[in-house]
Amino acid sequence: MKRILTAVVLIPVVLLLVFKAPLWLFALGVAGLIILTLREYLDIVEAAGIKPFRWLTYAASVLPIIVFLSSLWPSKALEFFYPELIAMRWSMLVPLLALVFGIPLVFRKDLREGYIAVAASVFGVLYIGVSLSLLINLQRGIEITFLIFLLLSVWAGDIAAYYVGKNFGKHKLAPIVSPNKSWEGAVASIVASIAVAFLTMHFRPQLIGLVARMHGLSDKGLDGHLLPSIGLIPIICLGIATNVAAQFGDLFESALKRGAGVKDSGTILPGHGGILDRIDALLFAIPVVWWYAQLAPFLRS
Numbered sequence: 003m004k005r006i007l008t009a010v011v012l013i014p015v016v017l018l019l020v021f022k023a024p025l026w027l028f029a030l031g032v033a034g035l036i037i038l039t040l041r042e043y044l045d046i047v048e049a050a051g052i053k054p055f056r057w058l059t060y061a062a063s064v065l066p067i068i069v070f071l072s073s074l075w076p077s078k079a080l081e082f083f084y085p086e087l088i089a090m091r092w093s094m095l096v097p098l099l100a101l102v103f104g105i106p107l108v109f110r111k112d113l114r115e116g117y118i119a120v121a122a123s124v125f126g127v128l129y130i131g132v133s134l135s136l137l138i139n140l141q142r143g144i145e146i147t148f149l150i151f152l153l154l155s156v157w158a159g160d161i162a163a164y165y166v167g168k169n170f171g172k173h174k175l176a177p178i179v180s181p182n183k184s185w186e187g188a189v190a191s192i193v194a195s196i197a198v199a200f201l202t203m204h205f206r207p208q209l210i211g212l213v214a215r216m217h218g219l220s221d222k223g224l225d226g227h228l229l230p231s232i233g234l235i236p237i238i239c240l241g242i243a244t245n246v247a248a249q250f251g252d253l254f255e256s257a258l259k260r261g262a263g264v265k266d267s268g269t270i271l272p273g274h275g276g277i278l279d280r281i282d283a284l285l286f287a288i289p290v291v292w293w294y295a296q297l298a299p300f301l302r303s
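No gaps in the numbering here: position 296 of the sequence shown is 298 in our numbering, and each next residue is one more.
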């Protein structure tokens, strides 16, 4: 019952942020989600016997969002169809991560696990900070359909995998990492994701028009040049690639917890465990969908 009640509360909040929240508020929400998720990830790292650079990991993960938010006020970046791109901020920070985490290592007293501590901290920035930040790019303009697809794909894939795996699953997918997952459930999850891809891309103009009107903007100009149709094969590839990434994201987080001897990443969500337990699939799927959204103008039918 706790699991259902938590979902009933969280899903409307997520949808409200996606469809209605102004860009600055959505970005703040993403920053808060990054901090909470990183906290659970770093707890797992410490449970594995590694002492990461906790506060530096927090700072590096939200710095691009802070810079992004500071650029909103004097500019016209709040326009619906042309938001400022946060990916540009990350392109400037990522090459400096070795330097950012290498300097404090020099002043650490215990250097025996220095390399592992730096690696775990940098990975946390890439795994959680970069991935979740890309949601901001997908929350505006024609790319919002990919954000809608992303959420619906992961939710539908989880539901299909659970019910098909529970009733028909006979062949274990990853028995060491997640004994309850089956190949039958995994295939059902992929099929569900492809179906969601078809529906989302088919109603793409209507979805964009709906969001534009919710923000009090006109959806005129959504012609073939701005919103090219996407071919059948690319849509199938979108569904498969997103779902496969999501399933590996789920399995990867399970592997991290098993390696550290941890059952749940946290207890913040009653009936669900931690935040990382709920969004582990998204963390691998978001970059895949973001890359696909960048290629979408070239995938004409």
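Where is the CB? At the ideal position from N, CA and C, for every residue including glycine.
Within a 10 Å sphere around the beta-carbon of Gln141 sit 16 or more other beta-carbons, which makes this residue buried. Per DSSP, reduced to three states, the secondary structure at Gly275 is strand.
Thr202 places its beta carbon 8 Å or farther from that of Thr244. Under the DSSP assignment, Ser180 falls in the beta strand (DSSP E) whose first and last residues are 180 to 184. Shown here for Ile118: same chain residues with a beta carbon closer than 8 Å to its own, the five before and five after excluded, namely Ile52 in chain order. When rounded, the separation of the alpha-carbon atoms in Ala283 and Gln249 is 6 Å. In the three-state reduction of the DSSP assignment, Lys174 falls in the strand class, which pools E and B. Counting along the chain, no alpha helix (DSSP H) covers Lys111, and no H or E run does either. The three-state reading of DSSP puts Ile232 in strand, counting E and B together.
Short of 6 Å from the beta carbon of Glu145, and not among the five residues preceding or following it, lie these beta carbons of its own chain, in chain order: Ala295. The beta carbons of Val127 and Ser63 sit closer together than 8 Å. Only residues of its own chain outside the window of five on either side were considered, and among them Ala243, Thr244, Ala247 have a CB closer than 8 Å to the CB of Val290, listed in chain order. The three-state secondary structure of Ala23, taken from DSSP, is coil. The Cβ atoms of Ile196 and Ile238 lie closer than 8 Å to each other.
In this structure, the straight-line span from the alpha carbon of Gly171 to that of Gly104 is close to 47 Å. Between the alpha carbons of Leu98 and Val20 lies a distance of about 31 Å. Between Ala262 and Ala122, the CB-CB gap reaches or exceeds 8 Å. Gly116: member of the alpha helix (DSSP H) spanning 116 to 126, first to last residue.
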